[in-house]
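Q:
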Amino acid sequence: MDNDPGNRFYPTEEQIILHYLEGKMQGRHFPNVIHEINICNFDPWDLPGQAAWQSNDRVWFFFSEPDYKYANSTRVNRKTKSGYWKPTGNERTIRDMHGREIGIKKNLVFRLSSSSKGAKTIWVMHEYHSNNARLYQKPFVLFRLKRKSDDDEESDTYDGPTHQMVSQQSQGNNQQTEWDPLPDPSEQDYGFLSQFLHPTAEGPSYSTGSNYHPNTWGSYY
1 MDNDPGNRFY PTEEQIILHY LEGKMQGRHF PNVIHEINIC NFDPWDLPGQ AAWQSNDRVW
61 FFFSEPDYKY ANSTRVNRKT KSGYWKPTGN ERTIRDMHGR EIGIKKNLVF RLSSSSKGAK
121 TIWVMHEYHS NNARLYQKPF VLFRLKRKSD DDEESDTYDG PTHQMVSQQS QGNNQQTEWD
181 PLPDPSEQDY GFLSQFLHPT AEGPSYSTGS NYHPNTWGSY Y
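Here full-length UniProt numbering is used: the first residue of the sequence shown is 1, the next is one more, and so on.
1. Relative to the C-alpha of Val141, which residue among Asn38, Tyr10, Asn32, Phe9 is closest?
2. Check whether the Cβ atoms of Tyr20 and Pro31 lie closer than 8 Å to each other.
3. Where Glu22 and His129 are concerned, what is the direct C-alpha to C-alpha distance, given to the nearest angstrom?
4. Quick one, are the C-beta atoms of Ile104 and Asp96 less than 8 Å apart?
5. Hey, Ile122 and Lys86: beta-carbon distance below 8 Å or not?
6. In chain order, which continuous runs of the alpha helix (DSSP H) of length 4 or greater are located wholly inside the UniProt domain "NAC" (3-148)?
7. Buried or exposed: Gln137, going by 16 or more other Cβ atoms within 10 Å of its Cβ?
8. Assuming contact is defined by CB atoms lying nearer than 8 Å, are Glu127 and Lys146 in contact in what I supplied?
9. Enumerate in chain order the residues of its own chain whose CB-to-CB distance from Ala119 is below 6 Å, with the five nearest sequence positions on each side excluded.
10. Alpha carbon to alpha carbon, how far is Lys24 from Lys117?
11. Let me make sure I understand the geometry here. Which of Lys69, His98, Ile17, Val33 has the alpha-carbon closest to that of Asn7?
12. State yes or no: is the beta carbon of Lys105 nearer than 8 Å to at least one beta carbon in chain D?
13. For Thr80, count neighbouring C-beta atoms within 10 Å of its own C-beta (all shown protein chains included) and say buried if the count is 16 or more, exposed if not.
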């Protein structure tokens with residue numbers, strides 16, 4: 001059913017941080033859209049098969065615990081069997097709809113072999129961190145994996161719509177667009193955010209062909 005025409009899972013950065021990543025660290029699970037894995041146990045071409053949400057967008061989402069190289073170290077292990085994830089560009093601050101800093105995003109490109117001159121591949125990943133991770137006993141990171149096509153003009157740092165993009169689009173016109181599938185949040189879906197620092201966060205963004213009738217595939221248990 002996930003591959004039916006019109007089905008998409010396309011959360012904004014604010015939703016990624018406040019709904020999914022914060023929810024995961026609070027003990028919620030989202031088995032229909034994001035699985036928890038050890039990201040470095042797989043080469044990137046093996047990761048799509050591990051994803052909960054399968055679509056034709058060539059984008060997949062995962063939760064993973066930080067994998068530190070040594071005990072009491074902040075150095076993160078990014079090696080896999082065939083290569084490593086190389087950080088590229090600068091970290092970017094993620095803000096909510098009110099302009100408050102809620103997390104950061106790191107950009108990674110997969111390179112073959114363990115050499116610093118390893119061949120660059122078409123696999124890119126965006127690594128999301130919550131500013132509140134230190135408050136939780138078990139912190140998590142959320143990864144957005146993408147396989148770029150040969151004619152893909154997007155840069156390594158593009159990661160879908162931001163809250164500002166969605167707001168600007170909705171103010172510009174009232175017509176439905178390709179990347180404007182944000183449903184109104186339901187109290188049942190993410191009422192847990194009402195007690196959090198940012199109670200106005202948007203809810204999950206997924207669609208079955210309509211922008212106004214969300215399904216429950218992204219709900220937690």
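C-beta atoms are modelled at their ideal positions from N, C-alpha and C, and glycine is treated no differently. Given the structure is predicted, the values throughout are model-derived calculations rather than measurements.
A: From the atom records:
1. Asn38
2. no
3. 10 Å
4. no
5. no
6. 22-25
7. exposed
8. no
9. Leu112
10. Each residue's alpha carbon lies about 36 Å from the other.
11. Residue Val33 holds the alpha-carbon nearest to the alpha-carbon of Asn7 among Lys69, His98, Ile17, Val33.
12. Judged by its chain identifiers, the structure shown contains no chain D, having just a single protein chain.
13. buried
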